[in-house]
Structures are given as C-alpha cells and as structure tokens.
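Read the structure below first, then the notes.
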Amino acid sequence: MFLASTFAHIGKYCLFLGQTCRKPEKWRVFLRNILVEIDKVGVDSMGIVTIISLFVGAVITIQTANNLDNPFIPTYTVGFAARECIILEFSPTIICLVLAGKVGSNISSEIGTMRITEQIDALDIMGINSAGYLAAPKIIAMLVSVPLLVIYSIAIGIYGGYLAGKYTGLVPPDDFIYGIHFSLKPHYIPYSLFKSTIFGFIIASISSYCGYYTHGGALEVGKSSTKAVVISSIVVLMFNLIITELLLS
Amino acid sequence: MIEAKNVVKVFGERTILHGIDAVFETGKTNLIIGKSGSGKTVLLKSLVGLYDIDSGDILYDGRSTKTMDRKQKNSIRQEIGMLFQGSALFDSLTVEENVRFPLDMFTDMSLEERQERANFCLKRVNIINSNHLYPSEISGGMQKRVAIARAIALNPKYLFCDEPNSGLDPVTAAVIDNLISEITKEYGITTIMNTHDMNSVFSIGEKIIFINEGHKAWEGSSDTITNSNCEPLDEFIKTTRNIISKL
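The listed protein sequences derive, respectively, from chains U and V. Going by our numbering, the residue at position 21 of the first sequence is 26; the numbering climbs one at a time, nothing skipped. Going by our numbering, the residue at position 152 of the second sequence is 1475; the numbering climbs one at a time, nothing skipped.
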C-alpha cells in the first residue's frame, strides 16, 4: 500500500514537472516573477545563511583544534579540515537542509493557501498554466540562488573559522590561512555547487508539488508544509549520498 | 449560449451529476439553485472546465468542449470570467494589479492602456481610490466587486458566479446581485450563477434550474417558481420562507 502510494506520488510529481516546463503565457511576466522569487528565496535567505555559516565555521574550527592534541600534527591541519568540512558537506548539504525548512515550507504554504482559497482555480479558469506560472519561477530562482548562497556560505564559514581560531588562540591566523590553501583540490568546488544546484531543484519542486496538491483547509496547508520539508530533506540526503558516490568515489 | 448535454460526473463510486441537460441563455442571468450538497457547485465547475465530466458534452455557442484540445480549451477560457465564493483575489497583488492581471497575461496593450482599462472596470463596480490596497485591506463586499471587475476586464462572453453573495450582509448581497445582473445586460454576457439565496432568485433570476440530488428537478423563471409543482423545490422554498419569517 505504502509502495503503491509512493509510486503514484512519483508519477504525479513527474506529470507536475512536465506541466511546469510548458511555455509561459507571457515571457515578460515570467521573467519578472523569476526576479521576484530570486529576491524571496535568495536575498531573503542571506541573513540566516550568514548566521549559521559564521557560527558553524567557528564551531568546526574550535572542535577540530580541541581534538587535535597530538603535537606531531601541525596546527594548519585545523584550517585544512575546516575548509574540507565546509566545502564538501556543510555549505552544500546543511545549508540546503536549512533552506528546505525556510524556503520549502514557505513555497508549500504559499501555493497551498492559493489552492484552498481558489486562487489556483482562478488562474486555471483564465487559461493560465497554473503549475508553470507558480512553480517554474520558484524552481528557476532556486537553481540560480542556491549555488550563489553556497559560495557565500563557504566564504562566511571559513571566515568564521578564522575568527574563532584567532580570538580563542587555538589556531594562529597564519597557520589557519596556510591550512586553507593546503592541498586544495579544485574540483571540490564545482562538485559542491553541482550538488547544491540539484538540492535547490529538489527543494523547490517538491515543495511546489506538495503545495499544489493541497486539499482541504488551513490545517492541510500546515500539513503540506511539514510534508514538503520532511520529504525534500530526505530526498536531499538521498541524493547527497548518490552524487557523492558518483562524483567522488 | 451554453448547453449542457447529459452531463454525468462521478467522484470515486459516487455519482454526483446524473445526466444534466440544460440551456443557459445569452444576455440572461441563469441561476442554478439547490440545497447544499445537491451538486450545483460540481455542475458549475464542470461547465467552466475545472472538473472533467465523465460523460455528456458541454457546448459554448455550439462549440463542443468534448473534442477540443488543450489549446482550444485555453482560448475559450479567455472568453470566461469567474467570480468565486471567496473572491479568489491574488493576495500578493494590489486591487489594480488584480484587475490588470488578465490584461497583463493575454493582451499586448501598453501599461497605460492596461491601467486605463483596469480603472474603467473598477469604476464600473464602484471601486474608487482603492487601487493600491491589497485584498486583505478591503471588506468582503469590496473584494467581491474587485473580483467582478477582474472577471470583466477581458470583456468575457461568459460569466460564472459561484455563490457570489455568500458571507455578505443582505444589503451588500443585493448590491452584488444587481451588479451582476446589470453587467449581464450591458455586455450581453451569458451569466450562470450558483446560489441558494432566495432573494437572488426572486430579484435577478431570469432562468432558473433547480438541482436535487444530482438531477435537474425543475427549470423555469422567477415568475413561475412559486407554482412549480415540483415537491423538492416547493419544500426548498417553504423552508427558506419559514427561516425568513422566523427572523
């Protein structure tokens, strides 16, 4: 029963994606909606990304420094480890999980409310492809914003680590900076951006799907929103494993 | 003119509409009445294309929707205006943007022309100096009037109204009824309105269809409704009158 329902949802989700890919009724309106969504999902998320990245970068540095008590391990290893953690996992995955909570629930509840207040019916009656009109700009906005937020998060996370090392006295600034440059594998950056782009697509499309098929009232909007966050977080973690296995193994 | 021919709608194992035949005339306010749960909203949503019917056909001025592809259906939809029970105005847009929305989407008019048309429609429904307010900042009656303005922005040939005066006080409800009736006459629109408000029935009902348990039980006008010889309809009217007399 659960399996049948899961496959039914996957099929319905694919049809929904097909619907979002149709040509927009008016390109001018579509492009304007993309810019509005970039502002909503990207610019509005910078505050939370800054705070989380700064603090987690600092904590990674302090914890790594405290656990490296072997005198034969050089202190620049702390900078190296912090960089690897932040680029490979923290910024692309954890930030995307945070975005699944913040942006995903917002997308789902916005579209869900439009569904229960018949605003989506109003779009359909006008002959507008409601799925495309509502979901496509959000998906494109996420594809554009998430990689930029991840780059920003990497920079802030490393800076947070630098500040923590400097002001706690655990890692001298020069050693930390040396560690940041040490044994850098350039392909980690496109790997990180690639997977964050996929995560952005997953978050926006699943949240839009959950909102679009909301039935009932205010209670169901809340349930859809929760479902959107839970499902998109699980799918993000699953794809994290798959992409890592495919690209880094 | 809109024709429904033997329209059947089934949800799961429940048949909601059992072969409805009806003709909704141009330039008239056609009412669909019935008790809650009788199937009138399902009929309206089937007529407008929000629900796919299971059998039968719906014809818009002789154009059968049964054989139409998506593109043809969309072009018909641009000839339709709809007024929803809860207004269904877009929360993120102002009053003026809501009315301008269909014009933004389907016309190549300049911004000035679109603004002018939106202002004309708003003025027609007696909304002035509220262009920059959001739907949440205006009253329910005003929301309904803005929704009418949005529905007529593209000069529709067909207007559908789903219980337009529910949740409104009797005075505002009468204003909305009169507005719909006037617009229908003024623009020669085929208006189909779904209601269980007997005030609307007696004041603007030119053609009335009574739906009972998914069947068309009676058809006539406000002049003949009191001598319908249709038992469920007589009971419906009697109950409504009893409620009003108790008030």
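Quick reminder that beta carbons are idealized off the backbone N, C-alpha and C, glycines included.
Assigned secondary structure, residue i (DSSP; H/G/I helix, E/B strand, else coil)
i, result
"Leu-1340 (chain V)", "strand"
"Asn-75 (chain U)", "coil"
"Cys-1553 (chain V)", "coil"
"Ala-160 (chain U)", "helix"
"Asn-1329 (chain V)", "strand"
"Thr-1349 (chain V)", "coil"
"Cys-1484 (chain V)", "strand"
"Leu-40 (chain U)", "helix"
"Leu-1354 (chain V)", "strand"
Limits of the unbroken beta strand (DSSP E) element including residue i
i, result
"Met-6 (chain U)", "Segment: none, Met-6 (chain U) is in no beta strand (DSSP E) and carries neither H nor E."
"Asn-134 (chain U)", "Per DSSP, Asn-134 (chain U) belongs to no beta strand (DSSP E) and is neither H nor E."
"Ala-105 (chain U)", "Unbroken run through Ala-105 (chain U): none, as it is neither H nor E."
Rounded distance between the beta-carbons of residue j and residue i, thought under 8 Å
i, j, result
"Lys-1351 (chain V)", "Thr-1507 (chain V)", "7 Å"
"Leu-1456 (chain V)", "Val-1418 (chain V)", "5 Å"
"Asn-1421 (chain V)", "Val-1469 (chain V)", "6 Å"
"Ser-213 (chain U)", "Ile-116 (chain U)", "6 Å"
"Ser-158 (chain U)", "Leu-104 (chain U)", "Not a contact, Cβ separation roughly 10 Å."
"Thr-173 (chain U)", "Ile-78 (chain U)", "Thr-173 (chain U) to Ile-78 (chain U), Cβ: 18 Å. No contact."
"Ile-248 (chain U)", "Lys-190 (chain U)", "Rounded, the Cβ-Cβ distance is 16 Å, inconsistent with contact."
"Ala-233 (chain U)", "Ser-150 (chain U)", "Their Cβ separation, rounded to whole angstroms, is 18 Å, which puts Ala-233 (chain U) and Ser-150 (chain U) out of contact at 8 Å."
"Leu-1354 (chain V)", "Gly-1528 (chain V)", "4 Å"
"Lys-107 (chain U)", "Met-1428 (chain V)", "So it is not a contact: roughly 30 Å between Cβ atoms."
"Ala-13 (chain U)", "Gly-166 (chain U)", "The pair is not a contact, with the Cβ atoms about 46 Å apart (cut-off 8 Å)."
"Ile-92 (chain U)", "Ile-239 (chain U)", "Contact flag wrong, Cβ pair sits at about 24 Å."
"Ile-1560 (chain V)", "Ala-1345 (chain V)", "Rounded, the Cβ-Cβ distance is 20 Å, inconsistent with contact."
"Ile-1381 (chain V)", "Ile-1325 (chain V)", "7 Å"
"Asp-180 (chain U)", "Thr-69 (chain U)", "In fact, because the Cβ distance is near 12 Å, the residues do not count as touching under 8 Å."
Proximity test, Cβ basis, 8 Å: residue i and chain A
i, result
"Leu-1373 (chain V)", "Judged by its chain identifiers, the structure shown contains no chain A, and its protein chains are U and V."
Alpha helix (DSSP H) segment containing residue i, residue limits
i, result
"Ile-91 (chain U)", "That residue, Ile-91 (chain U), is in no alpha helix (DSSP H); it is neither H nor E in DSSP."
"Ser-1361 (chain V)", "Per DSSP, Ser-1361 (chain V) belongs to no alpha helix (DSSP H) and is neither H nor E."
"Ala-1476 (chain V)", "Note, Ala-1476 (chain V): premise wrong, no alpha helix (DSSP H); not H, not E."
"Met-1324 (chain V)", "First-last for Met-1324 (chain V): undefined, no H or E at that position."
"Asn-1454 (chain V)", "Taken as a continuous stretch (DSSP letters only), Asn-1454 (chain V) belongs to no alpha helix (DSSP H), as it is neither H nor E."
"Glu-225 (chain U)", "223-253"
"Glu-115 (chain U)", "110-121"
Near the ligand FAD: residue i beta-carbon under 7 Å from a heavy atom
i, result
"Leu-148 (chain U)", "Ligands are entirely absent from the displayed structure, and the ligand FAD is therefore not among its contents."
Could you name each continuous beta strand (DSSP E) segment of 3 residues or more that falls completely within the stretch 1369-1452 of chain V, going from the start of the chain to the end? 1378-1383, 1403-1406
Quick check for students: name the residue ranges of the beta strand (DSSP E) that lie wholly in the stretch 1487-1547 of chain V, counting only runs of 3 or more. 1513-1518, 1530-1535, 1538-1543
Mind listing, in chain order, the continuous beta strand (DSSP E) runs of no fewer than 3 residues lying wholly within the stretch 187-217 of chain U? none
Please name the residues in the stretch 1425-1436 of chain V whose beta-carbon is closer than 9 Å to at least one beta-carbon of chain U, in chain order. Pro-1425, Asp-1427, Met-1428, Phe-1429
May I ask you to list, following chain order, the residues of the stretch 112-141 of chain U that have a beta carbon less than 7 Å from some beta carbon of chain V? Thr-122, Glu-123, Gln-124, Asp-126, Ala-127, Asp-129, Ile-130, Met-131, Gly-132, Ile-133
Using a Cβ-Cβ cut-off of less than 8 Å, give me the residues of the stretch 8-30 of chain U that come near chain V, in sequence order. Glu-30
Closer than 7 Å, Cβ to Cβ, to anything on chain V: give me those residues from the stretch 31-51 of chain U, in chain order. Lys-31, Val-34
Tell me which residues of the stretch 1403-1423 of chain V have at least one Cβ-Cβ distance to chain U shorter than 9 Å, keeping chain order. Ile-1403, Gly-1404, Met-1405, Phe-1407, Gln-1408, Gly-1409, Ser-1410, Ala-1411, Leu-1412, Phe-1413, Asp-1414, Ser-1415
Going along the stretch 1440-1470 of chain V in order, which residues come within less than 7 Å of chain U, judged by CB to CB distance? none
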